[in-house]
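In terms of my numbering, the sequence shown opens at residue 685 and continues consecutively. Glycine residues also receive a C-beta, built at the ideal position from the N, C-alpha and C atoms. Working notes, beginning with the structure itself.
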Amino acid sequence: MCHKDFFRKNHLNQHLRTHTKEKPFSCDVCHKGFSQKCNLNVHLQIHTNEKPFSCDVCHKDFSDRRNLNRHLRTHTNEKPFSCDLCHKGFSDQSNLKVHLQIHTNEKPFSCNVCHKDFLQKNNLNRHLRSHTNEKPFSCDVCHKGFSRKNNLNQHLRTHTNEKPFSCDVCHKSFSQKSSLNRHLRTHTNEKPFSCDVCHKSFSDKSHLNRHLRTHTNEKPFSCDTCHKGFSRKSFNRHLRTHTNEKPFSCDVCLKGFSLKGDLFRHLRTHTNEKPFSCDVCHKGFSDHSSFNRHLRMHRNEKPFFCVVCHKSFSQKSHLNHHLRTHTNEKPFSCDVCHRGFSDKSSFKRHLRTHTNEKPFFCDVCHRGFSRKSHLNRHLRTHTNEKPFSCDVCHKSFSQKSHLNPHLRTHTNEKPFSCDVCHRGFSEKSNFNRHLRTHTNEKPFSCDVCQKAFAQKGYLNDHLRTHTIEKPFSCVICHKDFVQKSHLNRHLRTHTNEKPFSCDLCHKVFSHKDNLNRHLRTHTNEKPFSCDFCNKGFSDQCNLNVHLRIHTNKKPFSCDICHKDFFRKSHLNWHLRTHTNEKPFACDVCHKVFSQKGNLNRHLRTHTNDKPFSCDLCHKDFSDLSNLNVHLRTHTNEKPFSCDVCHKGFSQKGNLNKHFRNHTNEKFFCCEV
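As structure tokens, then:
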């Protein structure tokens, strides 16, 4: 038939059975047939669990002498069988034979059902079980069935926690030889699997197979529920999204996972193990995918492209998420409020708003967070770490989201534009808040008094009026504050820190909003206008105070004399008339003042500084109020009118003096 020659007659007889498919030796237990008696004897040891051959090095037992010999070569690293074409070495003859078929592309074993070809007979046998769903290998502990013996052996190690394969470099142990081989490539950076289309290399065969489907767009497995197409491995994972099956459980916290890889990554949150380290910044990572994503940040590599707008992405998940902005697809729906989401992570985060689940805890203060990113940001408040730095002014930030808006202060870029009034914004959050001024939308409501607010921050501030909660305390004077931002501003009164500087006059400010208001004194910009008298204001709070003049609303009342005030600051000043408190002192003459503004005006008497100038006659003034009074000499404006005789005055003090003529009021009495 094939004209192959043999030394012995019995060897020829055995060989002839490969042509005739004759299997005269049958197992009495499972009735499986064999072409040779020795193969039957080896098979019988599976049923008896007899393993008469033992390794002298690691004492592992084997049912077959040949298996022991192959195993011994794992200790000696002996590879006596070499490929004549590529000179690769192998520890046993069968592996060499299989390898040679890679060069010849020979696949002699074919499936009768789907006609797929295989290099090895055992690969065909395993494949046939995918059609019959046969699982002849069963676990004695949990009775789970497996189609392959090696899968059963791997599974058994989950019960025994046995990890017999150890890395010689970092001494990490693995339960599977294949896992060790993959791990070794992280040390050698070896990528032996190459794509024939684009020549990209991979360290793992499965990664190459997944990559090849990006060229062929092959998705051979279809879901009966949603009819979506998948590769084999992705298909099994996808099915669990319908069944919600989570077969992999954490022994520490009992959390369930649908994927084995997710369980392994989760276990590292308990051990804090980070086996993947960046050679550039030495940052450690608990999983390989995060490590690869991080490397692309250094290389600025964005291999994933959108076919619609040609935008590039560093991660496939980001591309998938982006594609839904074109299709407006929202495949993830909340069963509680029926809100749709375009990506799985946003959907999971949203679910926690209903369950109030906060699975991420701070080890320092034990505060819980619903997102890992929020925990990471919070941890920087303890370490004061600011890893994001501006290339222009070198200012550092604890969050990337804070750095991006800051960069726009240098470029003056305002990418968010209002369709109603065409005003531009540098930050998305400010843009969203602005839109609510047009729609009058107030989506944040108080559960106590049902008052609605346009911003979440305003609601949080308001809630503390019910609880009188002031969780932020100054370590210097122990004053408590409702908001962290208020505490930060207050701390600058102790440190006299003024980090915000005007580029025009170089005046410095302790608060960013004070700088913004100051800048409008240069531009004379008054974007906030009164609906009653059309008077313009440089900031919203001044407009709010002005509106109280029209409504005569004075919400701030003195507890001692019950006098009402338009502004909280005016009430604070007034209270000092009762306490005679004068907290602001002059460093030159030590005179004290009840108001900071009065101290600033007084300091100009020492420096003779007159920063306010009249545009008409160029006369200089040390105080803005004096300039305003002076301007009325040019405009002849008399805004203060007598209610009795309607006479007008340019100054409030002159009106008060005039008013005494009607009341005959005399404040000053001669004591002589």
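Bridge-paired residues (DSSP) for VAL647: An answer regarding residue 647 cannot be provided, because it is not within the stretch 685 to 1356 covered by the chain.
Tell me whether ASP745 sits in a helix, a strand or coil according to DSSP, three-state version. If you number the sequence shown from 1, residue 745 lands on position 61. The answer is strand: DSSP assigns ASP745 an E or B state.
Among the candidates HIS1066, PHE1031 and ARG841, whose CA atom is the shortest distance from the CA of ASP1047? Against the sequence shown, residue 1047 aligns to sequence position 363. Among HIS1066, PHE1031 and ARG841, the Cα nearest to that of ASP1047 belongs to HIS1066.
Round the Cβ separation of SER747 and GLN729 to the nearest angstrom and send it over; I've been treating them as touching at under 8 Å. Here residue 747 is taken as the residue at index 63 of the sequence shown, counted from 1. Here residue 729 is taken as the residue at index 45 of the sequence shown, counted from 1. The pair is a contact, with the Cβ atoms about 4 Å apart (cut-off 8 Å).
On the premise that HIS1062 lies in contact with ARG1055, defined as a C-beta separation below 8 Å, what is that separation, rounded to the nearest angstrom? The residue given as residue 1055 occupies position 371 in the sequence shown. The residue given as residue 1062 occupies position 378 in the sequence shown. With 8 Å as the limit, ARG1055 and HIS1062 do not qualify as a contact, their Cβ atoms being about 10 Å apart.
How many whole angstroms separate the CB atoms of LYS677 and HIS783, which I take to be in contact at a CB cut-off of 8 Å? With the chain represented from 685 up to 1356, any question about residue 677 goes unanswered, as that position is not in the structure.
Taking 8 Å as the limit between beta carbons, can you name the residues of its chain near ASN807, skipping five residues before and five after? In the sequence shown, residue 807 corresponds to position 123, counting from 1. Result list for ASN807: PHE793, in chain order.
Where DSSP assigns a beta bridge to PHE905, which residues make up the other side? One-based indexing of the sequence shown puts residue 905 at position 221. DSSP output for PHE905 lists PHE914 as bridge partner(s).
Entirely within the stretch 770-804 and at least 4 residues each: give me those alpha helix (DSSP H) ranges in chain order. 777-788
What is the DSSP secondary structure of SER887, reduced to helix, strand or coil? In the sequence shown, the residue the question calls residue 887 occupies position 203. Three-state DSSP puts SER887 in coil, outside helix and strand.
Given that a residue counts as buried once 16 or more other Cβ atoms are within 10 Å of its Cβ, and exposed if not, what is HIS703? In the sequence shown, the residue the question calls residue 703 occupies position 19. Answer is exposed; the Cβ neighbour count stays below 16.
Assuming HIS671 and PHE718 are in contact, meaning their beta carbons sit under 8 Å apart, how far apart are those beta carbons, in whole angstroms? In the structure as shown, the chain begins at 685 and stops at 1356. Residue 671 is therefore absent and cannot be evaluated.
Tell me the DSSP bridge mates of ASP1304? Mapped onto the sequence shown, residue 1304 falls at position 620. ASP1304 pairs with SER1297.
Whose C-beta lies closer than 6 Å to the C-beta of LEU780 among residues of the same chain, with five residues either side of it excluded? Within the sequence shown, the letter at position 96 stands for residue 780. Cβ within range, chain order: PHE765 and PHE774.
For LEU1404, which option in CYS1189, LYS1252, HIS1195 and SER1101 has the closest C-alpha, if you only look at C-alpha atoms? The structure shown has nothing for residue 1404, since the chain only spans 685 to 1356.
Among ASP768, VAL741 and CYS767, which has the Cα closest to the Cα of HIS755? Looking up residue 755 in the sequence shown gives position 71. Nearest option by C-alpha distance: VAL741.
PRO1127 to THR1121 span [Cα, whole Å]: If you number the sequence shown from 1, residue 1127 lands on position 443. If you number the sequence shown from 1, residue 1121 lands on position 437. C-alpha separation (whole angstroms): 12 Å.
DSSP three-state call for PHE975: helix, strand or coil? Position 291 of the sequence shown, counted from the start, is the residue given in the question as residue 975. Helix.
What residue range is occupied by the uninterrupted alpha helix (DSSP H) comprising GLN1224? In the sequence shown, counting from the first residue as 1, residue 1224 sits at position 540. Taken as a continuous stretch (DSSP letters only), the alpha helix (DSSP H) holding GLN1224 covers 1224-1235.
Which of the three DSSP states, helix, strand or coil, is assigned to ASP946? Counting from 1 along the sequence shown, the entry for residue 946 is found at position 262. If DSSP states are grouped into helix, strand and coil, ASP946 belongs with the helices.
Closest by C-alpha distance to SER1222, when choosing among LEU1203, HIS1234 and THR1235: Position 538 of the sequence shown holds residue 1222. The shortest Cα separation from SER1222 among LEU1203, HIS1234 and THR1235 belongs to LEU1203.
Pairwise C-alpha distance: LYS716 and LEU836: Against the sequence shown, residue 836 aligns to sequence position 152. Against the sequence shown, residue 716 aligns to sequence position 32. Cα to Cα, LEU836 sits roughly 20 Å from LYS716.
So PHE1025 and LYS1014 are in contact, right, with Cβ under 8 Å, and what is the actual spacing, rounded? Start at 1 with the first residue of the sequence shown, and residue 1025 comes out as number 341. Start at 1 with the first residue of the sequence shown, and residue 1014 comes out as number 330. PHE1025 to LYS1014, Cβ: 6 Å. Contact.
Drop a sphere of 10 angstroms on the beta-carbon of LEU803, count the other beta-carbons inside from all chains shown, and report buried for 16 or more, exposed for fewer. Reading the sequence shown from its first residue, position 119 is the one you call residue 803. With 16 or more Cβ atoms within 10 Å of its Cβ, LEU803 is classed as buried.
Length of the line joining the Cα atoms of HIS926 and PHE905: As a working note, residue 926 is residue 242 in the sequence shown. As a working note, residue 905 is residue 221 in the sequence shown. Computed Cα separation, rounded: 15 Å.
Look up VAL1313 in the DSSP assignment and say whether it is helix, strand or coil. For the purposes of this step, residue 1313 is taken as residue 629 along the sequence shown, with counting starting at 1. Three-state DSSP puts VAL1313 in a helix.
Given a cut-off of 9 Å on the beta-carbon distance, is the pair VAL1313 and GLN1335 in contact? As a position in the sequence shown, residue 1313 is number 629, starting the count at 1. As a position in the sequence shown, residue 1335 is number 651, starting the count at 1. In this structure, GLN1335 lies closer than 9 Å to VAL1313 by Cβ.
Span of the alpha helix (DSSP H), counted from its first residue to its last, around SER1085: What you label residue 1085 is simply residue 401 of the sequence shown in a count that begins at 1. Its alpha helix (DSSP H) spans residues 1084-1095.
Relative to the C-alpha of SER1113, which candidate in LYS944, GLN1134 and LYS1140 has its C-alpha closest? Looking up residue 1113 in the sequence shown gives position 429. Answer by Cα proximity: LYS1140.
Which value, in whole angstroms, describes the spacing of the CA atoms of ASP768 and MET981? As a working mapping, residue 768 is identified with position 84 in the sequence shown. As a working mapping, residue 981 is identified with position 297 in the sequence shown. Looking at the two C-alpha atoms, the distance is approximately 43 Å.
For the alpha helix (DSSP H) containing PHE1250, name the first residue and the last one. In the sequence shown, counting from the first residue as 1, residue 1250 sits at position 566. Premise fails: PHE1250 is in no alpha helix (DSSP H) and is neither H nor E.
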